[in-house]
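S.K.: Supplied in structure tokens, the structure appears directly below.
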Amino acid sequence: MKQYSAPQTRALLPYPALVDTLAQTVQDYAEGLIRCPERLSVPAPDGTGLLMSMPTASRDLLVTKILTICPENAGTDRPTIQGVVTCADARTGTFLFSLDGPTVTMRRTSAISMLGIRLLARGPVRHVLMIGTGAQAIAHADALAALYPHATVAVRGRSPERTEAFCRQHSTPSFPLIPEDAHDGPFDVVLTLTSSTTILYDAPADPKCLVIGVGAYRPEMIEVGPNIVQNSLLYVDDPIGAPTEAGDLIQAGVNWQDVTALAAAFGNPPPTSKPVFFKSVGCAAWDLAACRVVAAHQ
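All residue numbers for the sequence shown refer to the numbering used here, where the first residue is 274 and numbers rise by one.
In structure tokens form, the structure reads like this:
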């Protein structure tokens with residue numbers, strides 16, 4: 274079985290191919306062609322370590338992501354999150370390769386946001402606001418640079434110093450990132466990319482601005498306020514996981530009957546007169562999509 278490092282995994286998952294493959298995988302998942310049980314979390318006895326296992330199966334591939342989360346590694350040379358994604362042939366059971374788990378998570382999460390933009394944005398993507406300066410902000414900046422190279426991307430962080438440092442570190446000559454200015458806007462897309470427990474964005478809902486919530490993956494977390502959630506058409510990537518994970522929607526008290534799966538937007542885009550909020554919570558099936566990209570070139 275081939276084993277790919279983090280840099281190799283990144284190179285094997287170019288965004289154009291990953292987003293295209295996710296488009297098909299999202300539809301397969303909605304049609305029941307992919308089996309994706311609830312993830313298993315096992316805490317270490319008498320410790321803070323956590324083992325997580327996320328299997329998923331389709332007609333072509335059998336995929337499992339295994340992660341370890343060790344908070345006590347913070348401040349050391351060991352990562353807090355480590356893991357692998359293993360991929361086997363569904364017909365023969367032969368293990369084909371393994372990918373770096375955290376890298377797969379970063380790439381497929383930002384790629385789902387890009388698929389959301391493809392399906393739900395109201396026009397050309399020229400002006401984007403990213404809220405956050407962590408790992409997901411890095412991945413989303415890479416994705417935007419690959420797919421929307423002519424867009425202007427403004428960044429809002431916790432402090433001006435953090436924001437400026439992020440922009441300096443992750444800008445390229447062909448794709449500069451700029452700290453958000455008080456007079457910036459209007460935006461075509463707003464991306465929230467944090468683990469905040471307080472509202473970060475709650476501007477009036479605007480039909481011309483697609484808002485995508487990527488963080489707030491637990492009920493107690495929130496990034497996007499009820500002013501937007503309650504006055505927008507609501508889409509989620511995974512309608513099974515969202516009711517227990519989508520903090521923005523949970524805290525806004527939404528009627529889940531009014532929440533639409535992203536898969537429904539294929540061939541049926543939302544009306545341009547209505548604001549849209551897309552909430553991404555993640556799904557093991559999106560790891561399978563990443564493996565499909567790699568398997569296609571083996």
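A virtual CB, placed ideally from N, CA and C, is assigned to each residue, including glycine.
In whole angstroms, give me the CA-to-CA distance for threonine 365 and alanine 416.
M.R.: Residue 365 sits at position 92 when you count from the first residue of the sequence shown. Residue 416 sits at position 143 when you count from the first residue of the sequence shown. The straight-line gap from Cα to Cα measures roughly 34 Å.
S.K.: Between aspartate 560 and methionine 327, which are expected to be in contact by the criterion C-beta below 8 Å, what is the C-beta distance as a whole number of angstroms?
M.R.: As a first step, residue 560 is located in the sequence shown; it is residue number 287 there, counting from the start. As a first step, residue 327 is located in the sequence shown; it is residue number 54 there, counting from the start. The pair is a contact, with the Cβ atoms about 7 Å apart (cut-off 8 Å).
S.K.: Considering only residues of the region 535-559, which uninterrupted beta strand (DSSP E) runs meet the minimum length of 3 residues and lie entirely inside it, listed in chain order?
M.R.: Listed in chain order, they are 549-552.
S.K.: Quick one: grab the DSSP three-state call for cysteine 343.
M.R.: Against the sequence shown, residue 343 aligns to sequence position 70. The answer is coil: DSSP assigns cysteine 343 none of H, G, I, E or B.
S.K.: Using the DSSP secondary-structure output, state which residues sit across from methionine 379 in a beta bridge.
M.R.: Along the sequence shown, one-based indexing puts residue 379 at 106. Per DSSP, none; premise fails for methionine 379.
S.K.: From the DSSP output, in three-state form, read off alanine 525 for me.
M.R.: Residue numbering aside, residue 525 sits at position 252 when the sequence shown is read from its first letter. In this structure, alanine 525 counts as coil in the three-state DSSP scheme.
S.K.: What is the C-beta distance between alanine 363 and arginine 332, in whole angstroms, given that I count them as a contact (C-beta under 8 Å)?
M.R.: In the sequence shown, counting from the first residue as 1, residue 363 sits at position 90. In the sequence shown, counting from the first residue as 1, residue 332 sits at position 59. Contact flag correct, Cβ pair sits at about 6 Å.
S.K.: Helix, strand or coil for methionine 325? Go by DSSP, reduced to three states.
M.R.: The residue labelled residue 325 in the question sits at position 52 within the sequence shown. It is a strand residue.
S.K.: Would you mind stating whether lysine 547 and proline 480 have Cβ atoms separated by less than 8 Å?
M.R.: Start at 1 with the first residue of the sequence shown, and residue 547 comes out as number 274. Start at 1 with the first residue of the sequence shown, and residue 480 comes out as number 207. Result yes, Cβ atoms of lysine 547 and proline 480 sit closer than 8 Å.
S.K.: May I ask you to verify whether the region 335-352 touches the region 526-537, counting CB pairs closer than 8 Å and requiring at least 3?
M.R.: With a cut-off of 8 Å, the region 526-537 and the region 335-352 do not count as touching, because too few Cβ pairs lie within range.
S.K.: What is the DSSP secondary structure of proline 318, counted as helix, strand or coil?
M.R.: Indexing the sequence shown from 1 puts residue 318 at position 45. Of the three classes helix, strand and coil, the one that applies to proline 318 here is coil, per DSSP.
S.K.: Looking only at its chain, what residues have a beta carbon closer than 8 Å to the beta carbon of valine 336, apart from the 5 residues adjacent to it on each side?
M.R.: As a working mapping, residue 336 is identified with position 63 in the sequence shown. These residues qualify, in order along the chain: Pro328, Thr329, Ala330, Val358, Thr359, Cys360, Ala361, Ala557, Asp560, Leu561 and Cys564.
S.K.: Cα-Cα, which of Ala290, Ala489 and Ala394 is closest to leucine 473?
M.R.: For the purposes of this step, residue 473 is taken as the residue at position 200 of the sequence shown. Ranking the options by Cα distance to leucine 473, first place goes to Ala489.
S.K.: Could you tell me which residues DSSP puts in a beta bridge with aspartate 373?
M.R.: Along the sequence shown, one-based indexing puts residue 373 at 100. Answer by DSSP bridge pairing, in chain order: Val357.
S.K.: Measuring alpha carbon to alpha carbon, tell me which residue in Gln300, Pro449 and Lys338 is nearest leucine 392.
M.R.: Numbered from 1 along the sequence shown, position 119 holds the residue referred to as residue 392. Out of Gln300, Pro449 and Lys338, Gln300 has the C-alpha closest to the C-alpha of leucine 392.
S.K.: Comparing alpha-carbon positions, which option in Leu464, Ser468 and Val487 lies nearest alanine 476?
M.R.: By one-based count along the sequence shown, residue 476 stands at place 203. Of the listed residues, the one whose Cα sits closest to alanine 476 is Leu464.
S.K.: Assess, as a yes-or-no matter, whether the region 366-378 is touched by the region 534-553 under the definition of 3 or more beta carbon pairs within less than 8 Å.
M.R.: Not touching, per the Cβ criterion.
S.K.: Among Asn504, Ser469 and His570, whose alpha-carbon lies nearest the alpha-carbon of proline 492?
M.R.: Locating residue 492 in the sequence shown gives position 219, where the first residue counts as 1. Here the closest residue by C-alpha is Ser469.
S.K.: Would valine 567 and leucine 340 be called neighbours here (beta carbons separated by less than 8 Å)?
M.R.: In the sequence shown, the residue the question calls residue 567 occupies position 294. In the sequence shown, the residue the question calls residue 340 occupies position 67. Against a cut-off of 8 Å, the Cβ pair of leucine 340 and valine 567 comes out as no contact.
S.K.: Assuming aspartate 244 and cysteine 482 make a contact with CB atoms under 8 Å, what is their CB distance in whole Å?
M.R.: There is no way to answer for residue 244, as the model of the chain reaches only from 274 to 571.
S.K.: Rank Ile342, Asp454 and Gly389 by C-alpha distance to the C-alpha of histidine 572 and give the top, closest one.
M.R.: Because the chain in this structure spans residues 274 to 571, residue 572 falls outside the shown range and cannot be described.
S.K.: Please return the same chain residues whose Cβ sits closer than 8 Å to the Cβ of glutamate 453, not counting the five positions on each side in sequence.
M.R.: Translated into the one-based positions of the sequence shown, residue 453 becomes position 180. Leu402, Ala427, Val428, Arg429 and Thr436.
S.K.: Answer with buried or exposed for serine 314, where buried requires no fewer than 16 other C-beta atoms within 10 angstroms of its C-beta.
M.R.: In the sequence shown, the residue the question calls residue 314 occupies position 41. Exposed, since its Cβ has fewer than 16 Cβ neighbours within 10 Å.
S.K.: Among the residues of its own chain, which have a CB less than 7 Å from the CB of alanine 408, if the five just before and after it don't count?
M.R.: In the sequence shown, residue 408 corresponds to position 135, counting from 1. Only Met379 meet the Cβ criterion.
S.K.: Alpha carbon to alpha carbon, how far is threonine 376 from alanine 574? Give it in angstroms, no decimals.
M.R.: Past the boundaries of the shown model lies residue 574; the chain is included only from 274 to 571, so the question cannot be answered.
S.K.: From what residue to what residue does the beta strand (DSSP E) around histidine 456 run?
M.R.: If you number the sequence shown from 1, residue 456 lands on position 183. Where histidine 456 is concerned, there is no enclosing beta strand (DSSP E), given that its DSSP letter is neither H nor E.
S.K.: Taking the alpha carbon of glycine 322 as the reference point, which residue from Gln524, Gly356 and Ser505 has its own alpha carbon closest?
M.R.: For the purposes of this step, residue 322 is taken as the residue at position 49 of the sequence shown. Of Gln524, Gly356 and Ser505, the residue nearest in Cα terms is Gly356.
S.K.: Excluding the 5 residues preceding and the 5 following phenylalanine 448 in the sequence, name in chain order all residues of the same chain whose CB lies nearer than 7 Å to its CB.
M.R.: Locating residue 448 in the sequence shown gives position 175, counting from the first residue. Closer than 7 Å at the Cβ level, and outside the excluded window around phenylalanine 448, lie Ala418 and Pro422.
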